[in-house]
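Numbering-wise (my numbering), the sequence shown opens with residue 1352 and increments by one. What follows is a short report on a single structure.
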Amino acid sequence: MDDLGLYLHVPFCLRKCAYCSFYSEAGHKDSRHWLAAVTRQIRQFSSPRPLTSIFFGGGTPTMLPPEELSSLLAECRQSFSCAEEAEISLEANPATVDLLALQTLRQTGFNRLSLGVQSLHDAELRRLGRPHTAAEAVQTARLARQAGFTNLNLDLMYGLPNQTQQSWRETLAQALALRPQHLSIYELTIEEGTPFARQQEQGELALPDEDTVLRMLEATQQMTEAAGFRRYEISNYAQPDFECRHNINYWRNGDYIGIGPGAVSCVDGTRRSAAADVAEFCRRMENGQNIWTDEEHLEPEAAFRESVVIGLRMTDGVSLDELHRRFGIDAAAYYGATLERLISLGMLELADGRLRLTAQGLLLANAVMADLV
1352 MDDLGLYLHV PFCLRKCAYC SFYSEAGHKD SRHWLAAVTR QIRQFSSPRP
1402 LTSIFFGGGT PTMLPPEELS SLLAECRQSF SCAEEAEISL EANPATVDLL
1452 ALQTLRQTGF NRLSLGVQSL HDAELRRLGR PHTAAEAVQT ARLARQAGFT
1502 NLNLDLMYGL PNQTQQSWRE TLAQALALRP QHLSIYELTI EEGTPFARQQ
1552 EQGELALPDE DTVLRMLEAT QQMTEAAGFR RYEISNYAQP DFECRHNINY
1602 WRNGDYIGIG PGAVSCVDGT RRSAAADVAE FCRRMENGQN IWTDEEHLEP
1652 EAAFRESVVI GLRMTDGVSL DELHRRFGID AAAYYGATLE RLISLGMLEL
1702 ADGRLRLTAQ GLLLANAVMA DLV
């Protein structure tokens, strides 16, 4: 577990989507102060370990000029050493970048682009509150290819309001036709405090029923497999050798550094969360104050349980030998009757020294993991 990732949070969006619960702010009026503050934060960090991945997420990082993003990446590389061929990802939304911007970003070191497409039906995009059209999403993906990005991820969502199985299959078919290397495919979840949550409470959200959602998932598995993708995590599919290394480090409960307001760091068993407010974050950085609003040190047993639960998100599961080496805990003995029950119910399987979710367990992953927390 020598991997070390760096996540830089860019909290600016054109507007908040109706389903989003991540910390972000519409517009970018404070971007100058934010840029100065995160630059200062980057320079305060140091580590003898090289970064194996860097991920600029948000928000919508491409709300900022490509020169600012490139400058921040240069700061990261100056403050930290980077492993050879480190994965350097950038999230982008369609219609927020043109060809020149993409070329600049590619030439200055970003080697993986993640596009927030979500749907390729305009009516569904409007219902989600997305600020782009299906045609703009397709065009941005094509521009990314022209700019030299050979590692392209598309974010997609199913189970959307008024979405049908046919419209989902059409979105997925169009996405596959763009020949991405990676797909992140999420079922819509209604998060507390979002506009969608309020609409659901008021009976104004027409979501597909459970059977329709299951058929969407079945279609996803069939269509991605036929296109040469392997489902390597509950919501992630990749062509061979294009799995997202940054996220795999999360799922293996590895170390990562968080930069920016709302970002989380977890290094050597200590997890810290930064102030999730641009103005407050900037004020604290400018005044030399502590930016962390929450700090937690995971005891070995808690870290063990977390490693099991997070690791089971991956279809390869978790290695019992590796867990024992890291934490000195025998998983079979620790979970005892609970593990035996989940295996007998066909939710988990133990093979070749690895514990993993079965096909049935993947469908009921949240319930299975709740038993193991």
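From the three backbone atoms N, C-alpha and C, an ideal C-beta is built for every residue, glycine too. Small disclaimer: the values here were computed from a predicted structure and weren't measured.
Do three or more CB pairs link the stretch 1411-1420 to the stretch 1448-1457 at distances below 8 angstroms? At 8 angstroms Cβ cutoff, the stretches touch.
Counting pairs of Cβ atoms below 8 angstroms between the stretch 1684-1692 and the stretch 1609-1616, do you hit three or more? Flag = no, the stretch 1684-1692 and the stretch 1609-1616 do not touch.
Between which residues of its own chain and T1709 is the CB-CB distance below 8 angstroms, once the five residues before and five after are set aside? Contacts found: G1697, M1698, L1699 and E1700.
Please look up how many angstroms separate the CB atoms of L1723 and V1659, rounded, as I've assumed it's under 8 angstroms. Their Cβ separation, rounded to whole angstroms, is 6 angstroms, which keeps L1723 and V1659 in contact under 8 angstroms.
Backbone CA spacing between A1702 and N1604 [nearest angstrom]: Here the C-alpha atom of A1702 lies approximately 22 angstroms from the C-alpha atom of N1604.
Which residues in the same chain have their Cβ closer than 7 angstroms to the Cβ of Y1537, if we skip the five residues on either side of it in sequence? Hits under 7 angstroms: M1508 and S1586.
Give me the residue from A1443, F1407, E1442 and R1664 with the minimum Cα distance to E1426. Considering only alpha carbons, the answer is F1407.
From this set, T1522, Q1392 and A1488, which residue's C-alpha is nearest E1637's C-alpha? In terms of CA proximity to E1637, Q1392 leads the group T1522, Q1392 and A1488.
Which residues in the same chain have their Cβ closer than 6 angstroms to the Cβ of L1529, if we skip the five residues on either side of it in sequence? Excluding sequence neighbours, L1529 sits near A1492.
Hey, V1389 and L1424: beta-carbon distance below 8 angstroms or not? No, they are not a contact pair.
Is the Cβ-Cβ distance between F1593 and N1502 less than 8 angstroms? A Cβ-Cβ contact shorter than 8 angstroms links F1593 with N1502.
Identify the continuous beta strand (DSSP E) that holds N1444 and give its terminal residues. Here N1444 belongs to no beta strand (DSSP E), and DSSP marks it neither H nor E.
Hey, out of K1367, A1526 and F1632, whose CA is closest to T1545's CA? Nearest of K1367, A1526 and F1632 to T1545, Cα basis: K1367.
When the Cα atoms are used, what is the spatial distance from G1527 to E1650? The sequence as given places Leu at residue 1527; Gly does not occur at that position. Approximately 43 angstroms between the Cα atoms of the pair.
Are the beta-carbon atoms of V1669 and L1715 separated by less than 8 angstroms? No, the Cβ-Cβ distance between V1669 and L1715 is not below 8 angstroms.
Based on Cα-Cα distance, which residue from W1519, L1511, Q1469 and V1448 lies nearest to E1418? Minimum Cα distance to E1418 is reached at V1448.
For the stretch 1469-1488 against the stretch 1514-1526, are there 3 or more C-beta pairs whose distance is under 8 angstroms? Cβ pair count under 8 angstroms is three or more, so yes.
My output table needs one value for E1584: the three-state DSSP class, helix, strand or coil. In the structure shown, E1584 falls within a strand segment according to DSSP collapsed to helix, strand and coil.
Reference E1552; option with closest CA among R1623, D1560 and E1542: Closest option to E1552, Cα to Cα, is E1542.
8 angstroms contact criterion, which A1488 and L1466 should meet: CB distance rounded: A1488 to L1466, Cβ: 7 angstroms. Contact.
Cβ-Cβ distance between N1382 and L1355 below 8 angstroms: In the sequence under discussion, the amino acid at residue 1382 is Ser, which differs from the Asn named in the question. For the pair S1382 and L1355, the CB atoms are not nearer than the 8 angstroms cut-off.
6 angstroms Cβ shell around W1600 - same chain, five flanking residues per side excluded: Checking the displayed sequence, the identity of residue 1600 turns out to be Asn instead of Trp. Spatial neighbours of N1600 in its own chain (CB-CB distance under 6 angstroms, excluding positions within 5 residues in sequence) are listed in chain order as D1354 and G1356.
Those residues which DSSP pairs with G1639 across a bridge: Bridge partners of G1639: none, in fact.
Select from R1622, E1442, N1513 and P1401 the residue whose C-alpha is nearest the C-alpha of E1435. For the residues R1622, E1442, N1513 and P1401, the minimum Cα distance to E1435 belongs to P1401.
For W1643 and Q1568, the rounded distance between their alpha carbons: Residue identity check: residue 1568 is Leu in the sequence provided, not Gln. Going from the Cα of L1568 to the Cα of W1643 covers about 39 angstroms.
Taking its Cβ as the centre, do 16 or more other Cβ atoms sit within 10 Å of H1597, making it buried, or is it exposed? H1597 is buried by the Cβ-count criterion.
What first and last residue would you give for the beta strand (DSSP E) that runs through N1604? DSSP places N1604 outside any beta strand (DSSP E), giving it a letter other than H or E.
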